[in-house]
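Colleague: As numbered in full-length UniProt numbering, residues 1 to 328 make up the sequence shown, in order.
For reference, the structure I am asking about is given below.
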Amino acid sequence: MDELKELVKIYHEAGIKVLGDAVLNHRCAQYQNNNGIWNIFGGRMNWDDRAVVADDPHFQGRGNKSSGDNFHAAPNIDHSQDFVRNDLKEWLCWMRKEVGYDGWRLDFVRGFWGGYVKDYLEASEPYFAVGEYWDSLSYTYGEMDYNQDAHRQRIVDWINATNGTAGAFDVTTKGILHAALERSEYWRLSDEKGKPPGVLGWWPSRAVTFIENHDTGSTQGHWRFPYGMELQGYAYILTHPGTPAVFYDHIFSHLQPEIAKFISVRHRQKIHCRSKIKILKAERSIYAAEIDEKLTMKIGSEHFEPSGPQNWIVAAEGQDYKIWEVSP
């Protein structure tokens, strides 16, 4: 604990906010019940099987039915219980005060109602919170559908359930980027109304965009971003509205210098989560967009140059991506 607190302190001294990874949906038990089932908990929150949902098929819970999807690797917690919610609020507040966390990355939020998240966030008052609502996009005969409104609607519904107190990882945008880049189908990056096709296009101030994380990439590799196309992905999310997240592994790799350029131009041009975007092209081999009339970008193999009265200068370019900014 002392090492963790010291690390958080060092980040704060560098002006960096720190999020704790809060796994509230499920919890590993410390003891077995009389049937040999692991559903008795120890430590500060020494719950019994009343804290486990009744419809978790593996852990003989005596709580109420789950308000979401079950995660089968550990007992799923029943958030409808007052004692559970009170203990979790106390624990989150303690982590904020004792460790110094500024906010939360909320794991597997599909597992319980977003209204409970609202309760936890109002109690712990985080600077920032983001939920991991990850489920499958829509496919027909193995090919990704163009329209992913139903997928992003499920994420938006969860955000709404939290009353907008939390954002969510834009899994829709990640999935569409996969198909667009792998198959040279950049037309996918504009929806039927000419807006970005992910959560980014509907609620950008609550969309946390990313191309990779510890589950999708790294040592687990459950859903890797197309290899060699990572910088196209970053050229997209780091120039667009939303709150972009850069993967730790990529910062400490050969990608770092270009990612740093993208971040710098975002800062210079003051691009933010609510910036205005105008999609200029979304065709088979090119996607181009203008953001806040101060930044233009393109990804894809086709040539493109920005137009208009602005004096555009190149801020970054590489294999199948280019970014321009307005000259000061």
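Every residue gets a Cβ at the ideal spot worked out from N, C-alpha and C, and that includes glycine.
As the structure is a prediction and not an experimental result, all values here were calculated from the model.
Out of curiosity, what's the CA-to-CA distance linking residue 26 and residue 280?
Modeller: Position 26 of the sequence shown, counted from the first residue, corresponds to residue 26. Position 280 of the sequence shown, counted from the first residue, corresponds to residue 280. Answer to the nearest angstrom: the Cα atoms are 44 Å apart.
Colleague: Cβ atoms of residue 233 and residue 211: under 7 Å apart, would you say?
Modeller: Here residue 211 is taken as the residue at index 211 of the sequence shown, counted from 1. Here residue 233 is taken as the residue at index 233 of the sequence shown, counted from 1. The answer is yes: Cβ separation under 7 Å.
Colleague: With DSSP collapsed to three states, give me the class of residue 185.
Modeller: The count along the sequence shown starts at 1 and reaches residue 185 at position 185. The answer is coil: DSSP assigns residue 185 none of H, G, I, E or B.
Colleague: What is the rounded straight-line gap between the Cα of residue 95 and the Cα of residue 150?
Modeller: On the sequence shown, position 95 is the one that residue 95 refers to. On the sequence shown, position 150 is the one that residue 150 refers to. So the alpha carbons of these two residues sit roughly 36 Å apart.
Colleague: Going by DSSP, which residues form a beta bridge with residue 318?
Modeller: Numbered from 1 along the sequence shown, position 318 holds the residue referred to as residue 318. According to DSSP, which records beta bridges pairwise, residue 318 is partnered with 321.
Colleague: Under 7 Å Cβ to Cβ from residue 294, same chain only, skipping five residues before and after it: list those, please.
Modeller: Taking the sequence shown and counting its residues from 1, one reaches residue 294 at position 294. Excluding sequence positions up to five before and after residue 294, its CB lies within less than 7 Å of the CB of 269, 325 and 326, all in the same chain and listed in chain order.
Colleague: Curious, which full-length alpha helix (DSSP H) runs of at least 4 residues does the segment 135-220 contain?
Modeller: Entirely contained in the segment 135-220, the alpha helix (DSSP H) runs reaching 4 residues are, in chain order, 149-161, 171-182 and 199-202.
Colleague: Could you check how far apart the C-beta atoms of residue 208 and residue 169 are, in whole angstroms? I think they sit under 8 Å.
Modeller: Numbered from its first residue, the sequence shown carries residue 208 at position 208. Numbered from its first residue, the sequence shown carries residue 169 at position 169. Yes, residue 208 and residue 169 are in contact; Cβ-Cβ is about 5 Å, under 8 Å.
Colleague: Are the CB atoms of residue 277 and residue 289 within a distance shorter than 7 Å?
Modeller: By 1-based counting over the sequence shown, the position of residue 289 is 289. By 1-based counting over the sequence shown, the position of residue 277 is 277. Contact: yes.
Colleague: DSSP puts residue 290 in a beta bridge; with which residues?
Modeller: The sequence position of residue 290 within the sequence shown is 290, counting from 1. Paired residue(s): 278 and 296.
Colleague: So what does residue 128 bridge to, in DSSP terms?
Modeller: The residue labelled residue 128 in the question sits at position 128 within the sequence shown. Within the DSSP bridge table, the entry for residue 128 names 103 as partners.
Colleague: Less than 8 Å between C-beta atoms, sequence neighbours within five positions excluded: which residues of the same chain meet that for residue 185?
Modeller: Locating residue 185 in the sequence shown gives position 185, where the first residue counts as 1. 179 and 284.
Colleague: Assuming residue 189 contacts residue 282 under a Cβ cut-off of 8 Å, what Cβ separation, rounded to an integer in Å, is found between them?
Modeller: To locate residue 189, count along the sequence shown from 1; it is residue 189. To locate residue 282, count along the sequence shown from 1; it is residue 282. At roughly 5 Å, the Cβ-Cβ gap stays under 8 Å, so residue 189 and residue 282 are in contact.
Colleague: For residue 177, count neighbouring Cβ atoms within 10 angstroms of its own Cβ and tell me buried if that reaches 16, exposed if not.
Modeller: The sequence position of residue 177 within the sequence shown is 177, counting from 1. By the 10 Å Cβ count, residue 177 comes out buried.
Colleague: Could you please give me the residues that DSSP links to residue 20 through a beta bridge?
Modeller: Your numbering for residue 20 matches position 20 in the sequence shown. Residue 20 has 104 as its beta-bridge partners, per DSSP.
Colleague: Cα-Cα, which of 70, 47, 43 and 50 is closest to residue 56?
Modeller: Position 56 of the sequence shown holds residue 56. Of the listed residues, the one whose Cα sits closest to residue 56 is 70.
Colleague: My output table needs one value for residue 32: the three-state DSSP class, helix, strand or coil.
Modeller: The residue given as residue 32 occupies position 32 in the sequence shown. In the structure shown, residue 32 sits in a strand (DSSP, three-state: E or B).
Colleague: Report the rounded CA-to-CA distance for residue 54 versus residue 73, giving the unit in angstroms.
Modeller: Locating residue 54 in the sequence shown gives position 54, where the first residue counts as 1. Locating residue 73 in the sequence shown gives position 73, where the first residue counts as 1. Using only the alpha carbons, I get a separation of about 16 Å.
Colleague: If we count the other Cβ atoms within 10 Å of its Cβ and call it buried at 16 or more, is residue 120 buried or exposed?
Modeller: The residue given as residue 120 occupies position 120 in the sequence shown. It counts as buried.
Colleague: Let me check one thing: in DSSP terms, what residues is residue 77 bridge-paired to?
Modeller: The sequence position of residue 77 within the sequence shown is 77, counting from 1. Paired residue(s): 52.
Colleague: On a Cα-Cα basis, can you pick out the residue from 320, 33 and 13 that is closest to residue 181?
Modeller: Your numbering for residue 181 matches position 181 in the sequence shown. The shortest C-alpha separation from residue 181 is found at 320.
Colleague: With a 10 Å radius around its C-beta and 16 neighbouring C-beta atoms as the bar for buried, classify residue 35 as buried or exposed.
Modeller: By one-based count along the sequence shown, residue 35 stands at place 35. It is exposed - the Cβ of residue 35 has fewer than 16 other Cβ atoms within 10 Å.
Colleague: Mind checking whether residue 287 and residue 271 have CB atoms under 7 Å apart?
Modeller: Here residue 287 corresponds to residue number 287 of the sequence shown, with the count starting at 1. Here residue 271 corresponds to residue number 271 of the sequence shown, with the count starting at 1. Their beta carbons are not under 7 Å apart, which means residue 287 does not touch residue 271 by this criterion.
Colleague: Taking 6 Å as the limit between beta carbons, can you name the residues of its chain near residue 118, skipping five residues before and five after?
Modeller: For the purposes of this step, residue 118 is identified with residue 118 of the sequence shown, where counting begins at 1. Result list for residue 118: 162, 163 and 165, in chain order.
Colleague: Does the segment 16-25 come close enough to the segment 102-114 to have 3 or more Cβ pairs within less than 8 Å?
Modeller: yes
Colleague: I believe residue 109 touches residue 156 by the beta-carbon criterion, under 8 Å. Please report the beta-carbon distance rounded to the nearest angstrom.
Modeller: For this step, residue 109 is matched to residue 109 along the sequence shown. For this step, residue 156 is matched to residue 156 along the sequence shown. Between the beta-carbon of residue 109 and that of residue 156 there is about 13 Å, and that puts the pair past the 8 Å contact cut.
Colleague: Whose C-alpha, out of 243, 46, 250 and 255, is nearest the C-alpha of residue 267?
Modeller: Here the question's residue 267 lines up with position 267 in the sequence shown. When each option's Cα is compared against that of residue 267, the closest is 243.
Colleague: Report the three-state DSSP secondary structure of residue 250 (helix, strand or coil).
Modeller: Stepping through the sequence shown from its first residue, residue 250 is reached at position 250. The answer is helix: DSSP assigns residue 250 an H, G or I state.
Colleague: For residue 297, which option in 137, 136 and 322 has the closest C-alpha, if you only look at C-alpha atoms?
Modeller: Position 297 of the sequence shown, counted from the first residue, corresponds to residue 297. Ranking 137, 136 and 322 by Cα distance to residue 297 puts 322 first.
Colleague: Just to check my reading of the structure: residue 92 and residue 123 have Cβ atoms closer than 8 Å, yes? What is that Cβ distance to the nearest angstrom?
Modeller: Translated into the one-based positions of the sequence shown, residue 92 becomes position 92. Translated into the one-based positions of the sequence shown, residue 123 becomes position 123. Rounded, the Cβ-Cβ distance is 7 Å, consistent with contact.
Colleague: Could you give the DSSP three-state label for residue 57: helix, strand or coil?
Modeller: Position 57 of the sequence shown, counted from the first residue, corresponds to residue 57. Coil, per DSSP.
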